[in-house]
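Protein chains: 2
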Amino acid sequence: MSEHDTSKSPSAFRTAEPDYRWQGVECRPYKEDDRALFKAVTRQVLFSDQNLAGELRYFEVAPGGFSTLERHAHVHGVMIFRGAGHCLVGDEVRAVGERDLVSIPPMTWHQFRATGASPLGFLCLVDAVRDRPQLPTADDLAALEADPAIAAFLRGAPAPAG
Amino acid sequence: MSEHDTSKSPSAFRTAEPDYRWQGVECRPYKEDDRALFKAVTRQVLFSDQNLAGELRYFEVAPGGFSTLERHAHVHGVMIFRGAGHCLVGDEVRAVGERDLVSIPPMTWHQFRATGASPLGFLCLVDAVRDRPQLPTADDLAALEADPAIAAFLRGAPAPAG
Chain R
1 MSEHDTSKSP SAFRTAEPDY RWQGVECRPY KEDDRALFKA VTRQVLFSDQ
51 NLAGELRYFE VAPGGFSTLE RHAHVHGVMI FRGAGHCLVG DEVRAVGERD
101 LVSIPPMTWH QFRATGASPL GFLCLVDAVR DRPQLPTADD LAALEADPAI
151 AAFLRGAPAP AG
Chain D
1001 MSEHDTSKSP SAFRTAEPDY RWQGVECRPY KEDDRALFKA VTRQVLFSDQ
1051 NLAGELRYFE VAPGGFSTLE RHAHVHGVMI FRGAGHCLVG DEVRAVGERD
1101 LVSIPPMTWH QFRATGASPL GFLCLVDAVR DRPQLPTADD LAALEADPAI
1151 AAFLRGAPAP AG
């Protein structure tokens, strides 16, 4: 009935490939960002289907890199999938490792950083229909950096857990 | 604003625990099934939120166990997360291992089996609003078992990949 039905078998199974790639899944590098709001991130869309209200994506941040600092009305359900790093959710900075779960509430600043020697890979559940992310203004950044723990995180040097 | 805001910090981060459990996530064993349509499966709901159109669950099948043989209008996006096994999707039986992706189209019989010595754990993306699964009738089972590869799979002894 749909165009998917004619190729059911090829699309039903997609094999894992080395280095956290998947058969038939495009690995998209994020474009360079002039404002340095993200760095060294790739994105792979694992599930996006006209019959699914949600999408599952895999993001991977190279060591020293970070995902976009942003907020939006839609929420994220994140599972750390590879390696370790730190993340900011609202006013909280946390060390995260494999299989940890992170919920990003609506309109909450968030960022994931590969602060160690390993890549930081994470799965992200999101609604297929969603609002555009908002990027921080200079005032927003100043407000975030007023918190020493957040400022250290944004410099790529989060304080050790105390 | 919502009741979630008052406990944002505790709910934003849920730490991975040993043996594929998660902090604050209930691990539900499936009830025993008289018709033996499933066996030795547990379910953990990782993300289910009033602000999310999708849900992410983790199912784990003990060695020798299997998920429910069922079909439904809603679709599943599955990633094998732990171990290995076999799955049936429509008329196809496949060996699957960690990080492999499996898409279950609408109204397609499917089952996951831990056919080896290891548990088979998988993540399952699904719409929060969905129809009830249909279980096979005796006629449905007979039709499935008419295919030798499917019959072997349903006996828990899938043919080696050829």
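From first to last, the protein sequence lines stand for chains R and D. Note that the numbering used here gives residue 84 to position 84 of the first sequence, counting from 1, and the numbers run on in steps of one. Note that the numbering used here gives residue 1052 to position 52 of the second sequence, counting from 1, and the numbers run on in steps of one. Glycine included, every Cβ here is placed at the ideal spot set by N, Cα and C.
Under 8 Å, do residue i and residue j count as touching if we go by C-beta distance?
i	j	result
R/GLY85	R/PHE112	yes
D/ARG1155	D/THR1108	no
D/PHE1013	R/VAL93	no
R/ALA152	R/ALA159	yes
R/ARG28	R/ARG43	yes
D/THR1068	D/LEU1037	yes
D/ALA1138	D/PRO1106	no
R/LEU144	R/PRO136	yes
Take residue i and list the residues in its own chain whose beta-carbon comes closer than 6 Å to its own, dropping the five residues that flank it on each side.
i	result
R/LYS8	Low per-residue confidence applies at R/LYS8: pLDDT is 43, beneath 50, and the placement is therefore not dependable, though the value from the model is reported in the following sentence. The answer is none, since no qualifying residue turns up.
D/ALA1117	PRO1063
R/GLU98	ILE80
Skipping 5 residues on each side, what residues in its chain have a beta carbon closer than 7 Å to that of residue i?
i	result
D/ILE953	No answer is possible for residue 953 of chain D: it lies beyond the span of chain D, which begins at 1001 and ends at 1162.
R/ALA40	VAL61, ALA62, GLY64 and GLY65
D/PHE1122	PHE1059, VAL1078, MET1079, ILE1080, PHE1081 and PHE1112
D/GLU1017	GLN1023
R/ASP49	none
R/ASP131	HIS72, ALA73 and HIS74
Any idea if residue i is buried or exposed, counting beta-carbon neighbours within 10 angstroms, 16 or more meaning buried?
i	result
D/ALA1142	exposed
D/GLY1024	exposed
R/PRO148	exposed
D/ASP1100	buried
R/ALA146	exposed
R/ALA114	buried
Assuming the contact rule is C-beta atoms closer than 8 Å, residue i and residue j should be a hit. Round their C-beta distance to whole Å, please.
i	j	result
D/LEU1120	D/GLY1083	5 Å
Going along the chain, which residues of its own chain have a beta-carbon closer than 8 Å to the beta-carbon of residue i, five neighbours each way excluded?
i	result
D/ASP1140	TRP1109
R/MET1	Caution is warranted here: a pLDDT of 37 is assigned to R/MET1, below 50, making its placement in the model unreliable, and the coordinate value is therefore given only provisionally. Excluding sequence neighbours, R/MET1 sits near nothing in its chain.
R/THR6	Residue confidence for R/THR6 is low, a pLDDT of 43 falling below 50, so the modelled location carries little weight; the figure read from the coordinates is stated next. There are no such residues.
D/GLU1026	GLN1044 and VAL1045
Cβ contact check for the region 1114 to 1129 of chain D and the region 1045 to 1055 of chain D: 3 or more pairs under 8 Å: yes
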